[in-house]
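Number of protein chains: 2
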Amino acid sequence: MTITITAFERSPDGGKGLARDTRVRWALEEAGQPYEVRLVPHQAMKEPEHLRLHPFGQIPTYEEGDLVLFESGAIIFHIASHHAGLLPDDANARARAITWMFAALNSVEPPILELVIVRFVEGDKPWSKERLPLVADRIRHRLGQLSVRLGDADWLDGAFSAGDLMMVSVLLRVRPSGILDEFPNLAAYVARGEARPAYKRAFAAQLAVNAC
Amino acid sequence: MTITITAFERSPDGGKGLARDTRVRWALEEAGQPYEVRLVPHQAMKEPEHLRLHPFGQIPTYEEGDLVLFESGAIIFHIASHHAGLLPDDANARARAITWMFAALNSVEPPILELVIVRFVEGDKPWSKERLPLVADRIRHRLGQLSVRLGDADWLDGAFSAGDLMMVSVLLRVRPSGILDEFPNLAAYVARGEARPAYKRAFAAQLAVNAC
Chain A
1 MTITITAFER SPDGGKGLAR DTRVRWALEE AGQPYEVRLV PHQAMKEPEH LRLHPFGQIP
61 TYEEGDLVLF ESGAIIFHIA SHHAGLLPDD ANARARAITW MFAALNSVEP PILELVIVRF
121 VEGDKPWSKE RLPLVADRIR HRLGQLSVRL GDADWLDGAF SAGDLMMVSV LLRVRPSGIL
181 DEFPNLAAYV ARGEARPAYK RAFAAQLAVN AC
Chain B
1 MTITITAFER SPDGGKGLAR DTRVRWALEE AGQPYEVRLV PHQAMKEPEH LRLHPFGQIP
61 TYEEGDLVLF ESGAIIFHIA SHHAGLLPDD ANARARAITW MFAALNSVEP PILELVIVRF
121 VEGDKPWSKE RLPLVADRIR HRLGQLSVRL GDADWLDGAF SAGDLMMVSV LLRVRPSGIL
181 DEFPNLAAYV ARGEARPAYK RAFAAQLAVN AC
């Protein structure tokens, strides 16, 4: 069955690969699954036709026959569950890899997304400048804990997994701020993710949409 | 094998059931699984012994034989995967239920947690009072979308699932603000969750720890 995902017709990041379709493209590339992309214009995101697929009016969505999914975490978990290459076979190792998926999305990404709020959503507010270092320190606190756990390992728990795919994707969002580079082992971890051929193909595919 | 979870020795909410061990207790009760609880004193949360279980120094954790998990989302998914009652058998329905778990944690909870930041973490800052309505409006925006999707259904996708368990748990955190009650169908949805015998047992168990 054909897999169809949605992506921004024009990504707000101009092709830096930070929109969440890149994560899904990466997972599909790791799993060796071909896919089609339907580009959604900005003005169509909150239209009934798209809200039927994604109740929060965002991208990506995932369609495969009768199945419609949203939330990149759920989509990547679905891909990882149905194809080899993203989750270990051993039951306990698999549960731990899934734990890192949730950790990336619920413990690491929220403080990072606050940076978007303080800089852009509330960028014109009088408190923006004074709040920025507080937000940055909360990110540092979390990345410091993650850095300790990763130590000098290549990946978070044994071989590369969907947990690493998600964590690297989340950390990429904080790199432009300079905070990632304060943690050399995390910066190297992200670079290892980017060096994977599947990531490179995913990045190139989203860039091809946004660079034209 | 014995299941052991961790919880606060004294929950910051004084037993209102908003700490994340309640979600895990609820899932274990729905699955009919007995469990033990190890209470972690506040000063021990950042000690090496606890950080070995939870790299971010939080609760809950989950131990079962050799398996150690953290992140309530991952723990509940693990319980739901291994016992009946929390995920449908049909593959597509199962993928959609898992989608709602991720949606609760990555799309609905982050704006709600901003309320904790503006009120408590930054409660003494000069911008706190002026920021509060902005944060509240972002929560309203997301709950409005969720309210439309739920409509007059009892649960988010067919029968009660781990997706509803997670969404109800996340929405409970916003109820004290009064914002939940602006969406009557969501307030009724949360009340349906609380009325489940498994939730009542989970709530009572955490209250017994914190009310003494």
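Here the protein sequences come in this chain order: A and B. Counting from 1, position 125 in the first sequence corresponds to residue 125 in the UniProt record's numbering; the numbering is continuous, with no gaps. Counting from 1, position 118 in the second sequence corresponds to residue 118 in the UniProt record's numbering; the numbering is continuous, with no gaps. Note that CB positions come from ideal geometry on N, CA and C, so glycine has one too. All figures in this text were calculated on a predicted structure; none of them were measured in a lab.
message: Quick check on A/Gln206: buried or exposed, where buried means 16 or more other Cβ atoms within 10 Å of its Cβ?
response: To locate residue 206 of chain A, count along the first sequence from 1; it is residue 206. Looking at its Cβ environment, which holds 16 or more other Cβ atoms inside 10 Å, A/Gln206 is buried.
query: Considering only the beta carbon of each residue, do A/Ile139 and A/Leu115 sit closer than 8 Å?
result: Working through the first sequence from its first residue, we reach residue 139 of chain A at position 139. Working through the first sequence from its first residue, we reach residue 115 of chain A at position 115. A contact, by the Cβ cut-off of 8 Å.
Proximity below 8 Å, CB of A/Ala7 to CB of A/Val209: Translated into positions along the first sequence, residue 7 of chain A becomes position 7. Translated into positions along the first sequence, residue 209 of chain A becomes position 209. Pairing A/Ala7 with A/Val209 gives a Cβ-Cβ distance under 8 Å.
field: Exposure label - B/Val24; buried when at least 16 CB within 10 Å
entry: For the purposes of this step, residue 24 of chain B is taken as the residue at position 24 of the second sequence. Buried: at least 16 other Cβ atoms inside 10 Å.
- prompt: For B/Tyr62, which residues of its own chain have a beta-carbon under 6 Å away from its beta-carbon, when the five flanking residues on both sides are left out?
  reply: Within the second sequence, residue 62 of chain B is the residue found at index 62, counting from 1. Result list for B/Tyr62: Ile5, Leu69, Ile75, in chain order.
task: Could you give the DSSP three-state label for A/Glu114: helix, strand or coil?
output: For the purposes of this step, residue 114 of chain A is taken as residue 114 along the first sequence, with counting starting at 1. In this structure, A/Glu114 counts as helix in the three-state DSSP scheme.
query: Does the beta carbon of A/Asp84 come closer than 8 Å to any beta carbon on chain B?
result: To locate residue 84 of chain A, count along the first sequence from 1; it is residue 84. The sequence as given places Ala at residue 84 of chain A; Asp does not occur at that position. Interface residue (Cβ-Cβ distance to chain B less than 8 Å): A/Ala84 is not classified as such.
- prompt: For the candidate residues A/Gln43, A/Phe56, A/Arg10, whose alpha-carbon lies nearest to that of B/Arg145?
  reply: Reading the second sequence from its first residue, position 145 is the one you call residue 145 of chain B. The displayed chain sequence assigns Gln, not Arg, to residue 145 of chain B. Nearest C-alpha to B/Gln145: A/Phe56.
- prompt: If you draw a straight line from the C-alpha of A/Thr99 to the C-alpha of B/Ala211, how long is it?
  reply: On the first sequence, position 99 is the one that residue 99 of chain A refers to. On the second sequence, position 211 is the one that residue 211 of chain B refers to. C-alpha separation (whole angstroms): 31 Å.
message: Please list, in chain order, the chain B residues whose beta carbon lies closer than 8 Å to that of A/Trp127.
response: For this step, residue 127 of chain A is matched to residue 127 along the first sequence. What A/Trp127 touches in chain B: Lys125, Pro126, Trp127, Glu130, Arg131.
- request: Compute the Euclidean distance between the alpha carbons of A/His78 and B/Trp155, then round it to the nearest angstrom.
  value: In the first sequence, the residue the question calls residue 78 of chain A occupies position 78. In the second sequence, the residue the question calls residue 155 of chain B occupies position 155. Looking at the two C-alpha atoms, the distance is approximately 22 Å.
message: Nearest by alpha-carbon distance to B/Leu134: which of B/Phe120, B/Arg192, B/Pro111 is it?
response: Numbered from its first residue, the second sequence carries residue 134 of chain B at position 134. The shortest Cα separation from B/Leu134 among B/Phe120, B/Arg192, B/Pro111 belongs to B/Pro111.
field: A/Glu36: first and last residue of the uninterrupted alpha helix (DSSP H) it sits in
entry: Locating residue 36 of chain A in the first sequence gives position 36, where the first residue counts as 1. Where A/Glu36 is concerned, there is no enclosing alpha helix (DSSP H), although the beta strand (DSSP E) it sits in stretches over 36-40.
message: Based on DSSP bridge pairs, tell me the residues matched to B/Phe8.
response: For the purposes of this step, residue 8 of chain B is identified with residue 8 of the second sequence, where counting begins at 1. Answer is B/Val40.
field: Expected contact under 8 Å - CB spacing of A/Glu30 and A/Gly65 to nearest Å
entry: On the first sequence, position 30 is the one that residue 30 of chain A refers to. On the first sequence, position 65 is the one that residue 65 of chain A refers to. About 22 Å separates the two Cβ atoms, so there is no contact after all.
task: Count the other CB atoms, across all protein chains shown, that sit within 10 Å of the CB of A/Thr22; report buried if there are 16 or more and exposed otherwise.
output: Start at 1 with the first residue of the first sequence, and residue 22 of chain A comes out as number 22. With 16 or more other Cβ atoms inside 10 Å of its own Cβ, A/Thr22 counts as buried.
task: Would you kindly report the start and end of the unbroken beta strand (DSSP E) that includes A/Val68?
output: Working through the first sequence from its first residue, we reach residue 68 of chain A at position 68. Element bounds for A/Val68: 67-70.
query: Should A/Leu67 be flagged as near chain B, meaning a C-beta pair shorter than 8 Å?
result: On the first sequence, position 67 is the one that residue 67 of chain A refers to. So, interface residue.
message: As a quick exercise: from A/Glu122, A/Arg131, A/Val121, pick the residue whose alpha carbon is nearest that of B/Lys125.
response: Residue mapping note: residue 125 of chain B aligns to position 125 of the second sequence, counting from 1. Answer by Cα proximity: A/Arg131.
- prompt: How many angstroms separate the CA atom of A/Gly178 from the CA atom of B/Pro60?
  reply: The residue given as residue 178 of chain A occupies position 178 in the first sequence. The residue given as residue 60 of chain B occupies position 60 in the second sequence. In a straight line, the C-alpha of A/Gly178 is about 32 Å away from that of B/Pro60.
query: Would you call the segment 29-43 of chain A and the segment 197-206 of chain A touching, i.e. three or more CB-CB distances under 8 Å?
result: With the cut-off at 8 Å, the segment 29-43 of chain A and the segment 197-206 of chain A touch.
- request: Return the residue from the list A/Leu18, A/Ile3, A/Pro12, A/Thr2 that minimises the CA-CA distance to A/Ala204.
  value: Counting from 1 along the first sequence, the entry for residue 204 of chain A is found at position 204. Here the closest residue by C-alpha is A/Leu18.
Cutoff 8 Å: A/Asn185 Cβ touching any chain B Cβ: Translated into positions along the first sequence, residue 185 of chain A becomes position 185. Contacts with chain B at 8 Å (Cβ-Cβ) do not include A/Asn185.
message: Determine, for B/His78, whether the minimum Cβ-Cβ distance to residues of chain A falls below 8 Å.
response: Position 78 of the second sequence, counted from the first residue, corresponds to residue 78 of chain B. For B/His78, at least one C-beta of chain A is nearer than 8 Å to its own C-beta.
8 Å Cβ cutoff met for B/His42 and B/Arg10: Start at 1 with the first residue of the second sequence, and residue 42 of chain B comes out as number 42. Start at 1 with the first residue of the second sequence, and residue 10 of chain B comes out as number 10. Contact: yes.
message: Judging by CA-CA distance, which residue of A/Arg142, A/Arg38, A/Met101 is the nearest neighbour of A/Val168?
response: Within the first sequence, the letter at position 168 stands for residue 168 of chain A. Residue A/Met101 holds the alpha-carbon nearest to the alpha-carbon of A/Val168 among A/Arg142, A/Arg38, A/Met101.
N-terminal and C-terminal residue of the alpha helix (DSSP H) that A/Thr99 is part of: Taking the first sequence and counting its residues from 1, one reaches residue 99 of chain A at position 99. Unbroken alpha helix (DSSP H) run through A/Thr99: 91-103.
- prompt: With burial defined as no fewer than 16 other Cβ atoms inside 10 Å of the residue's Cβ, what is the status of residue 213 of chain A: buried or exposed?
  reply: What the structure shows of chain A is the stretch from 1 to 212, and residue 213 of chain A is not part of that stretch, so it cannot be assessed.
- request: Return the bridge partner residues of A/Tyr62 from the DSSP annotation.
  value: In the first sequence, counting from the first residue as 1, residue 62 of chain A sits at position 62. A/Tyr62 is bridged by DSSP to A/Ile5, A/Leu69.
field: Residue interval of the alpha helix (DSSP H) (run including A/Trp26)
entry: For the purposes of this step, residue 26 of chain A is taken as residue 26 along the first sequence, with counting starting at 1. 21-30 is the extent of the alpha helix (DSSP H) around A/Trp26.
query: Using a Cβ cut-off of 9 Å, which residues of the segment 90-102 of chain B contact any Cβ in chain A, in chain order?
result: Per Cβ criterion, the list reads Ala91, Asn92, Ala95, Arg96, Ile98, Thr99, Trp100, Met101, Phe102.
field: Run of the alpha helix (DSSP H) containing B/Glu182, from where it starts to where it stops
entry: As a first step, residue 182 of chain B is located in the second sequence; it is residue number 182 there, counting from the start. Where B/Glu182 is concerned, there is no enclosing alpha helix (DSSP H), given that its DSSP letter is neither H nor E.
Supposed contact pair A/Ala103 and B/Glu71 - C-beta distance, whole angstroms, cut 8 Å: Walking along the second sequence from the start, residue 71 of chain B turns up at place 71. Walking along the first sequence from the start, residue 103 of chain A turns up at place 103. B/Glu71 to A/Ala103, Cβ: 5 Å. Contact.
task: Report yes if the C-beta distance between A/Asn185 and A/Asp137 is below 8 Å; otherwise report no.
output: If you number the first sequence from 1, residue 185 of chain A lands on position 185. If you number the first sequence from 1, residue 137 of chain A lands on position 137. Taking the C-beta atoms as reference points, A/Asp137 is found no nearer than 8 Å to A/Asn185.
task: Return the CA-CA distance between A/Val40 and A/Ala97, expressed in angstroms with no decimal places.
output: Taking the first sequence and counting its residues from 1, one reaches residue 40 of chain A at position 40. Taking the first sequence and counting its residues from 1, one reaches residue 97 of chain A at position 97. Near 32 Å, if we compare the C-alpha coordinates of A/Ala97 and A/Val40.
query: What separation, rounded to the nearest whole angstrom, lies between the Cα atoms of A/Ser161 and A/Glu182?
result: On the first sequence, residue 161 of chain A is found 161 positions in, with the first residue counted as 1. On the first sequence, residue 182 of chain A is found 182 positions in, with the first residue counted as 1. Their backbone Cα atoms lie some 24 Å apart in a straight line.
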